[in-house]
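Student: Note that the protein sequences, when read in sequence, are chains A and B.
Mapping of the first sequence onto numbering that gives the first Met the number 0: position 146 corresponds to residue 145, and the numbering continues sequentially without gaps.
Mapping of the second sequence onto numbering that gives the first Met the number 0: position 12 corresponds to residue 11, and the numbering continues sequentially without gaps.
Note that beta-carbon positions come from the ideal geometry of N, C-alpha and C, so glycine has one too.
What follows is a structure written as structure tokens; I'll ask about it next.
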Amino acid sequence: MKNVTLTLKCEGEMDCPKEIVMWNYYDHEHLVGTHYKYYNQARVLAEKDSWALVYRKMKMPLLPFHCSGIALQLMENNVMKTFHKDSIGFLLEMEVHFKDLPNNRSHMTVIYNINTHPFFKVFQSMFQKLFQGWFHATWVEDAPMRLRRWKVHNLGFKDFYGIDYINKKLPKPGKIEVKKYEFNPPIKSFSAINTKDGLERPFDESVELGYRD
Amino acid sequence: MMSTEITETIKVNNKEGTEATYQFLATLKELKKDGQLTRWIDDHDILLYEYEGEIKAISNVCRHFGGPVGYHKCKKGVFTCLWHNWQYSAKDGSCLTHSGLPLRQYDIKVIDEKIYINLLG
């Protein structure tokens, strides 16, 4: 019998350039940070230039159990492809298409596909509900991260340094030279995510006071 | 539509004898609510909190990628940045995960239940 493909397409726009969103999608460390409610563990098994092989353990909304799996994530120009093999045996293929819009805005199209045995065709609507929920849950948590990243970039923020006039207790310069935001994987890291231990979320519960951006 | 933001400022003489400008940041009542709060003033993102009976203010911008240090409520004297879990001491803003990258501390004054901050202090 011929396999069937369970599929879902989601779309969204952001008030920042697409490179910021690429950084966010490709950033493995933020899984156990920004998405600490869903991800328990993340580990980069191998990484080079525009690809990474990542182990993740997580709990998706609606599912009563934890999932873990290995994902190959790669950037091809304006598309990020992820092939995620989970512990149950499904291969999830995800594509994120990034497009710039005028006025430093961007549009993303996310396509989820699972090519599987025809028996699972009856689960198409459940698959869509599950991944629609997943897309929404992670988008809501990522959106303020992207906007803040863009905001601090425009204040002259430099990675592993900060904002110069703030660090040095100087008046804000009248004009800040802001370079075009560039995304050049891999993302520099000094954490344990590249080690055998990987990164684990530091707590399960938190009193969230939120962003004030 | 145009909007006008009025910021309350005060001038205070420092120990060195120079005059410094402090801007209104929050009321004590606002701070007491959760024991910490964050606020943007003139492109400074400030984390205001009470630690061992002392009111302190540090930068809320993580030195790693610019994340919000005060997103989570402080636990056992430690702030954990939401984005990548970098940790900072509430005692002095020092970075516990990556030494040498402390958060900048701000000078504050409390006058008549109001908290003022010196953005250059």
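On the CB-based measure, 16 or more other CB atoms within 10 Å of its CB, does Met21 of chain A come out buried or exposed?
Tutor: Answer is buried; the Cβ neighbour count reaches 16.
Student: Just to confirm, are Pro201 of chain A and Thr79 of chain B a CB contact at a threshold of 8 Å?
Tutor: Yes, the pair counts as a contact, with Cβ atoms nearer than the cut-off.
Student: Within the 8 Å Cβ cut-off, does Tyr21 of chain B reach chain A?
Tutor: Not one chain A Cβ lies under 8 Å of Tyr21 of chain B.
Student: Which chain B residues sit within Cβ distance under 7 Å of Arg42 of chain A?
Tutor: The premise fails here: Arg42 of chain A is roughly 14 Å from chain B at the closest Cβ pair, so nothing lies under 7 Å.
Student: Going by DSSP, name the residue or residues bridged to Leu73 of chain A.
Tutor: In the DSSP output, where bridge partners are listed per residue, Leu73 of chain A has A:Trp50, A:Lys80.
Student: Could you compute how far the alpha carbon of Asn13 of chain B sits from the alpha carbon of Lys171 of chain A?
Tutor: Their backbone Cα atoms lie some 21 Å apart in a straight line.
Student: Does the beta carbon of Ser214 of chain A come closer than 8 Å to any beta carbon on chain B?
Tutor: Because chain A in this structure spans residues 0 to 212, residue 214 of chain A falls outside the shown range and cannot be described.
Student: In the DSSP assignment, find the unbroken alpha helix (DSSP H) run with Asn166 of chain A in it and report its ends.
Tutor: Run containing Asn166 of chain A: 163-166, per the alpha helix (DSSP H) assignment.
Student: Just verifying my parser: in three-state terms, what is the DSSP assignment at Arg42 of chain A?
Tutor: Strand.
Student: Sort A:Leu100, A:Gly173, A:Gln123, A:Ser205 by Cα distance to Leu7 of chain A and report the nearest one.
Tutor: Ranking the options by Cα distance to Leu7 of chain A, first place goes to A:Gln123.
Student: Restricting to Cα atoms, I'd like to know which of A:Asp141, A:Gln131, A:Asn2 is closest to Met93 of chain A.
Tutor: When only C-alpha atoms are compared, the closest one is A:Gln131.
Student: On the DSSP letters alone, give me the boundaries of the alpha helix (DSSP H) that Gly132 of chain A sits inside.
Tutor: Here the alpha helix (DSSP H) through Gly132 of chain A covers 123-153.
Student: Residues of chain B with CB under 7 Å from His29 of chain A, in chain order?
Tutor: Chain B residues near His29 of chain A: Trp82, His83.
Student: Quick check on this structure: which residue in A:Phe119, A:Lys179, A:Trp133 has the alpha carbon closest to the alpha carbon of Met250 of chain A?
Tutor: Lying before the first or after the last residue shown, residue 250 of chain A is absent from chain A, which here runs from 0 to 212.
Student: Suppose you measure from the CA of Met79 of chain A to the CA of Glu18 of chain B; what does that come to, to the nearest Å?
Tutor: Whole-angstrom Cα-Cα distance: 54 Å.
Student: Using a Cβ-Cβ cut-off of less than 7 Å, give me the residues of the region 139-162 of chain A that come near chain B, in sequence order.
Tutor: Cβ contacts with chain B: Met144, Arg147, Arg148, Val151, Leu154, Phe156, Asp158, Phe159, Tyr160, Gly161, Ile162.
Student: Select from the region 178-211 of chain A all residues with a C-beta closer than 8 Å to any C-beta belonging to chain B, and list them in chain order.
Tutor: Answer set for the region 178-211 of chain A: Phe189, Ser190, Leu198, Arg200, Pro201, Phe202, Ser205, Val206, Glu207, Leu208, Gly209, Tyr210, Arg211.
Student: Please decide whether Leu119 of chain B counts as near chain A, where near means a Cβ-Cβ distance under 8 Å.
Tutor: Leu119 of chain B counts as touching chain A.
Student: Could you check the C-alpha separation between His65 of chain A and Arg55 of chain A for me, to the nearest Å?
Tutor: Distance between the alpha carbons of His65 of chain A and Arg55 of chain A is about 10 Å.
Student: Do Thr4 of chain A and Asn102 of chain A have their C-beta atoms closer together than 8 Å?
Tutor: Against a cut-off of 8 Å, the Cβ pair of Asn102 of chain A and Thr4 of chain A comes out as no contact.
Student: Closer than 7 Å by beta-carbon distance: list the chain A residues that pair up with Ser58 of chain B, in chain order.
Tutor: Near Ser58 of chain B (Cβ distances below 7 Å), the residues of chain A are Ile165.
Student: Any contact of the region 26-45 of chain A with the region 152-163 of chain A, i.e. 3+ C-beta pairs under 8 Å?
Tutor: Because the criterion of three Cβ pairs below 8 Å is not met, the region 26-45 of chain A and the region 152-163 of chain A do not touch.
Student: If you draw a straight line from the alpha carbon of Glu10 of chain A to that of Lys17 of chain A, how long is it in whole angstroms?
Tutor: Computed Cα separation, rounded: 13 Å.
Student: Taking 8 Å as the threshold (C-beta atoms), are Trp82 of chain B and Met107 of chain A in contact?
Tutor: In this structure, Trp82 of chain B does not lie closer than 8 Å to Met107 of chain A by Cβ.
Student: Answer yes or no: does any C-beta atom of chain A fall closer than 8 Å to that of Phe78 of chain B?
Tutor: Chain A contact via Cβ: absent.
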